[in-house]
Each structure stands twice: as structure tokens, then as C-alpha cells.
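Asker: Residue numbers (my numbering): 320 to 642. Right, I'll just put the structure down here and ask away after.
Structure representation (C-alpha cells):
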């Protein structure tokens, strides 16, 4: 049997103290008991569907007008930033944004950064298995050690240069619980945005041992961006240079490694930069005089760092005067 709850004012059904919709089911006997096996509540308000995404596709309108409730950094603001994924967080940098590790940084440290006036971006890998992250054991009980080497889905081949394994991003149903929990952890800890790493598995089939396609990658990346936005969380696109045009309306900003070294930075001109979306980046091998002038001219926020991404060394192109 279907029961329909109607009302012209949704506030009539909202509990005043906890802001939740409260519906009471009562039986038609004096003991107020019933043998209810299953109850589904669907809320449809002014055409908004009940799946939590406002009927949309997770993208924005692309013009970066700041109307979304989450952080939408603009390229024209020329924001400065610090990227530190190892060691005790050095809070002494006079920058707009810090990008830090989601797991290794406490909520108190994140709040301290925010109190100092910094936007906080939280890093995690969305495309690889890092065995030292404890949540893998929680969501995949067959993992009993810090280095799973079995063949269960969604695990794929090993990365060539890092102690990680690629994930089969086609298995969104299997990956959804752990990735959603990471997004929720970012919210709980107070992160302003997330930086999911390894978002271009499909160009690494020689390592994954899979036959991932561009369409597989687009589906996964769009899904993750949509989930972040459902939580009111800003999300950046890490690398995946070949799919910028298809993903620019789903992600709020971009982060790139070594696009000046590999002559790929121009790909951002007609995508993120054209829509005034900030592009952050880093070079590890080049000298600052090989990229800072161009980065500044393009309004890209670029750093010179080392691969270990400790606090130092750091050189920001905002301080480059040509040398």
C-alpha cells in the first residue's frame, strides 16, 4: 500500500531542533503495534528528485560564477599555495591554500590552518591501492595485511615507480563505499576541498593489466566529482590532461604535475583557464627560469618542489622576478 504525504510548506514536517523531516507510522489498533515489513519514503519537492543530486549530472555551468556553496578558486585571483604530503605541517608559509594528506593530518591541524586564513585541500588516492591506509581492511575484509597481492576485484596491476596498485575503476559499485567514506572523512575533518590522485588509470594499461578506456575514466571521474558536490565539497582534477574538455564542467579547479616539462600546459588554455578556473601545478625537474615566466603569464599557480613533497624545498612562481 502506498501512503502519500502532501503539504504546501515543507517546514510543516521538519523537526525544529535537529532540522530533520520526521514522519510517524501508527497502526490502527489500540496497542499501536503493526507487522510492518518494509517502508520506503520518497521526497519530491518542486521537481527535485529523491536521489540527492537535484536531477543534475554533477557538473556546474562552467562559468565559475561562485554561486555554488563550495570553494571555486579563480585563475584570475592568482592564488598562492603550498603542497606538503609528508612530515609535520609547516604552517609558516604566507599562501592562500595548503594541500595536505587527508589521513595524516588531524582535524585540529586542519582547523589551525583555517584559523590562519588558509583554504585546506585534502589529498587522497582515488585510483590506486595504498596498503598502509587502514580503511582498505575495513571495506575489503579479505585484506589482512598492509600489502594485498591477490587478484580479487577491484585490484589491478602494480605501479611501476610506487609501492601501490592500480584499481579497476570500472568497478564503481565496489569502490563507492570506500571512496564515499573518504569524502565524508574530508567533510568531518573540515577540509575545504579534496584532491583525488591517480585519475588517469586508462593511460596506464601497461601497468594495470586491464583494458580501461577513456569512457571508463570519464565515468569514474564524473561519478567522484558528483559525490563530492553532493557533500558540498570542492574537488580538483589531478592530471588527466587528455580529458580536460570533457571534465572541466565537473571539477572546480585542476592540479597538474610537470605539464611544462612535458609540453602539456597549453591544454588548460581552452578548458579550465577559459572558464577562469584555477590551475595549480608543480615542476620537479625543471629550473624555475624554465617555467615561471610562462606560468605567471598564463595565470597558473606553479611551484618548484621535490618528489617527496615535504615542506621544503618550495619555490612559488609568485616570487619569481626573472633570473
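Every residue gets a Cβ at the ideal spot worked out from N, C-alpha and C, and that includes glycine. It should be emphasised that the depicted structure is a prediction, and the values quoted were computed from it without experimental measurement.
Using a Cβ distance threshold of 8 Å, determine whether the region 555-563 contacts the region 512-519, with at least three qualifying pairs required.
Answerer: With a cut-off of 8 Å, the region 512-519 and the region 555-563 count as touching, because enough Cβ pairs lie within range.
Asker: Rounded to a whole number of angstroms, what is the C-alpha to C-alpha distance between residue 600 and residue 570?
Answerer: Taking the chain shown and counting its residues from 1, one reaches residue 600 at position 281. Taking the chain shown and counting its residues from 1, one reaches residue 570 at position 251. The alpha-carbon separation between residue 600 and residue 570 amounts to approximately 16 Å.
Asker: Residue 446 and residue 488: beta carbons closer than 9 Å?
Answerer: Taking the first residue of the chain shown as position 1, residue 446 is located at position 127. Taking the first residue of the chain shown as position 1, residue 488 is located at position 169. It is a contact, given that the beta carbons lie within the stated cut-off.
Asker: Thinking C-alpha only, which one of 595, 507, 497 and 567 is nearest residue 449?
Answerer: Counting from 1 along the chain shown, the entry for residue 449 is found at position 130. When each option's Cα is compared against that of residue 449, the closest is 497.
Asker: Does the beta-carbon of residue 517, which I'm using as the reference point, lie nearer than 8 Å to any heavy atom of the ligand PLP?
Answerer: Looking at this structure, you won't find the ligand PLP or any other ligand, since it has none at all.
Asker: Measuring CA to CA, which of 585, 435, 552 and 466 is closest to residue 388?
Answerer: By 1-based counting over the chain shown, the position of residue 388 is 69. Of 585, 435, 552 and 466, the smallest CA-CA separation from residue 388 is found for 552.
Asker: For residue 510, which residues from the same chain have a beta carbon less than 8 Å from its beta carbon, with the 5 sequence-adjacent residues on both sides left out?
Answerer: Taking the chain shown and counting its residues from 1, one reaches residue 510 at position 191. Within the same chain, residue 510 has close Cβ partners 421, 429, 439, 440, 441 and 552.
Asker: If you compare alpha carbons, which of 595, 618, 635 and 638 is closest to residue 391?
Answerer: To locate residue 391, count along the chain shown from 1; it is residue 72. Looking at the Cα atoms, 595 is the closest of the given residues.
Asker: With C-beta atoms as the reference, is residue 451 less than 9 Å away from residue 462?
Answerer: To locate residue 451, count along the chain shown from 1; it is residue 132. To locate residue 462, count along the chain shown from 1; it is residue 143. No; because the gap between Cβ atoms is not below 9 Å, this pair is not in contact.
Asker: Quick check on this structure: which residue in 543, 527 and 620 has the alpha carbon closest to the alpha carbon of residue 574?
Answerer: The sequence position of residue 574 within the chain shown is 255, counting from 1. The shortest Cα separation from residue 574 among 543, 527 and 620 belongs to 620.
Asker: For residue 311, which three-state DSSP category applies?
Answerer: Because the chain is modelled from 320 through 642, residue 311 falls outside the range shown and cannot be assessed.
Asker: Report yes if the C-beta distance between residue 508 and residue 425 is below 9 Å; otherwise report no.
Answerer: As a first step, residue 508 is located in the chain shown; it is residue number 189 there, counting from the start. As a first step, residue 425 is located in the chain shown; it is residue number 106 there, counting from the start. Yes, they are a contact pair.
Asker: Between 617, 612 and 467, which has its C-alpha nearest residue 483's C-alpha?
Answerer: Residue mapping note: residue 483 aligns to position 164 of the chain shown, counting from 1. Checked all of 617, 612 and 467; the closest Cα to residue 483 is 467.
Asker: If you draw a straight line from the alpha carbon of residue 434 to that of residue 504, how long is it in whole angstroms?
Answerer: Here residue 434 is taken as the residue at index 115 of the chain shown, counted from 1. Here residue 504 is taken as the residue at index 185 of the chain shown, counted from 1. The straight-line gap from Cα to Cα measures roughly 20 Å.
Asker: Just the C-alpha distance for residue 639 and residue 475, rounded to the nearest angstrom, thanks.
Answerer: The sequence position of residue 639 within the chain shown is 320, counting from 1. The sequence position of residue 475 within the chain shown is 156, counting from 1. Roughly 42 Å separates the two Cα atoms.
Asker: Taking the alpha-carbon positions, what's the residue 597 to residue 409 distance?
Answerer: Here residue 597 corresponds to residue number 278 of the chain shown, with the count starting at 1. Here residue 409 corresponds to residue number 90 of the chain shown, with the count starting at 1. C-alpha separation (whole angstroms): 24 Å.
Asker: Tell me whether the beta-carbon of residue 623 lies closer than 9 Å to the beta-carbon of residue 611.
Answerer: Your numbering for residue 623 matches position 304 in the chain shown. Your numbering for residue 611 matches position 292 in the chain shown. Yes, the Cβ-Cβ distance between residue 623 and residue 611 is below 9 Å.
Asker: Mind pulling the alpha helix (DSSP H) runs of 4 or more residues that sit fully within the region 399-467?
Answerer: 426-434 and 454-458
Asker: Beta carbon of residue 530, beta carbon of residue 523: below 9 Å?
Answerer: Taking the first residue of the chain shown as 1, we reach residue 530 at position 211. Taking the first residue of the chain shown as 1, we reach residue 523 at position 204. Going by C-beta atoms, residue 530 is not nearer than 9 Å to residue 523.
Asker: What alpha helix (DSSP H) runs, 4 residues minimum, are completely inside the region 554-639?
Answerer: 563-566 and 611-616
Asker: Give the single residue among 602, 515, 631 and 617 whose Cα lies nearest to the Cα of residue 592.
Answerer: Working through the chain shown from its first residue, we reach residue 592 at position 273. Of the candidates 602, 515, 631 and 617, the one whose C-alpha sits nearest the C-alpha of residue 592 is 617.
Asker: Using only the alpha-carbon positions, how far apart do residue 668 and residue 635 sit?
Answerer: Nothing about residue 668 can be read from this structure; the chain reaches only from 320 to 642.
Asker: What's the C-alpha gap between residue 546 and residue 406?
Answerer: Position 227 of the chain shown holds residue 546. Position 87 of the chain shown holds residue 406. Using only the alpha carbons, I get a separation of about 30 Å.
Asker: Please identify the residue among 563, 458, 572 and 606 whose C-alpha is closest to the C-alpha of residue 585.
Answerer: Start at 1 with the first residue of the chain shown, and residue 585 comes out as number 266. Of the listed residues, the one whose Cα sits closest to residue 585 is 563.
Asker: Tell me the residue span of the alpha helix (DSSP H) that contains residue 492.
Answerer: Within the chain shown, the letter at position 173 stands for residue 492. Its alpha helix (DSSP H) spans residues 491-508.
Asker: Helix or strand or just coil, what does DSSP make of residue 485?
Answerer: What you label residue 485 is simply residue 166 of the chain shown in a count that begins at 1. Looking at residue 485 - three-state DSSP - the assignment turns out to be strand.
Asker: If you run the structure through DSSP and keep just helix, strand and coil, what is residue 528?
Answerer: Locating residue 528 in the chain shown gives position 209, counting from the first residue. Three-state result, residue 528: coil.
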